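Just so we're aligned, residue 15 is where the sequence shown starts under my numbering, counting upward by one. All C-beta atoms in this analysis are idealised placements derived from N, C-alpha and C, irrespective of residue type, glycine included. Since we're looking at a predicted model, the values are computed, not measured. Accompanying notes for the structure given below.
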Amino acid sequence: MRVVISLLLATASFLSPITVLAGSADVEATIRDVNVDGMSLVLDDGKTYAVPSEFNFEGLEPGQKVIVFYTEVDGKRVVDDLEVLQ
Numbered sequence: 015m016r017v018v019i020s021l022l023l024a025t026a027s028f029l030s031p032i033t034v035l036a037g038s039a040d041v042e043a044t045i046r047d048v049n050v051d052g053m054s055l056v057l058d059d060g061k062t063y064a065v066p067s068e069f070n071f072e073g074l075e076p077g078q079k080v081i082v083f084y085t086e087v088d089g090k091r092v093v094d095d096l097e098v099l100q
């Protein structure tokens, strides 16, 4: 039984770096452009962030400071969540 548990723990510790690579990141920046038709935001870091189809652009405009929580998928930054800063 101890051998089985040891093997399971070893396997879990080996695979844990893989889940870190798929994790979310965040960036605090200012909105430079809001592209409703293209379903994306451009921030002052120069990067474009794609948003999901159900994303609500209401109230977002260039010049607003935001924190964007995103996941990188196939080289594209996809917004998971967005928080407007005061």
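Where residue 91 and residue 57 are concerned, what is the direct C-alpha to C-alpha distance, given to the nearest angstrom?
-> Position 77 of the sequence shown, counted from the start, is the residue given in the question as residue 91. Position 43 of the sequence shown, counted from the start, is the residue given in the question as residue 57. So the alpha carbons of these two residues sit roughly 12 Å apart.
Residue of 99, 38, 45 and 40 minimising C-alpha distance to residue 75 | The residue you call residue 75 lines up with position 61 of the sequence shown. Closest in alpha carbon position to residue 75, among 99, 38, 45 and 40, is 45.
Per DSSP, residue 91 is paired with what?
-> Here the question's residue 91 lines up with position 77 in the sequence shown. In DSSP, residue 91 forms a bridge with 63 and 86.
Report back the beta-carbon spacing between residue 93 and residue 65 to the nearest angstrom; my notes put them in contact at under 8 Å.
-> Within the sequence shown, the letter at position 79 stands for residue 93. Within the sequence shown, the letter at position 51 stands for residue 65. Going by Cβ atoms, the distance from residue 93 to residue 65 rounds to 5 Å, so yes, they are a contact pair.
Compute the distance between the beta-carbons of residue 99 and residue 79, then report whether it is under 8 Å.
-> Here residue 99 corresponds to residue number 85 of the sequence shown, with the count starting at 1. Here residue 79 corresponds to residue number 65 of the sequence shown, with the count starting at 1. In contact: residue 99 and residue 79 (Cβ atoms closer than 8 Å).
Residue of 81, 86, 88 and 89 minimising C-alpha distance to residue 43 = Residue numbering aside, residue 43 sits at position 29 when the sequence shown is read from its first letter. Ranking the options by Cα distance to residue 43, first place goes to 81.
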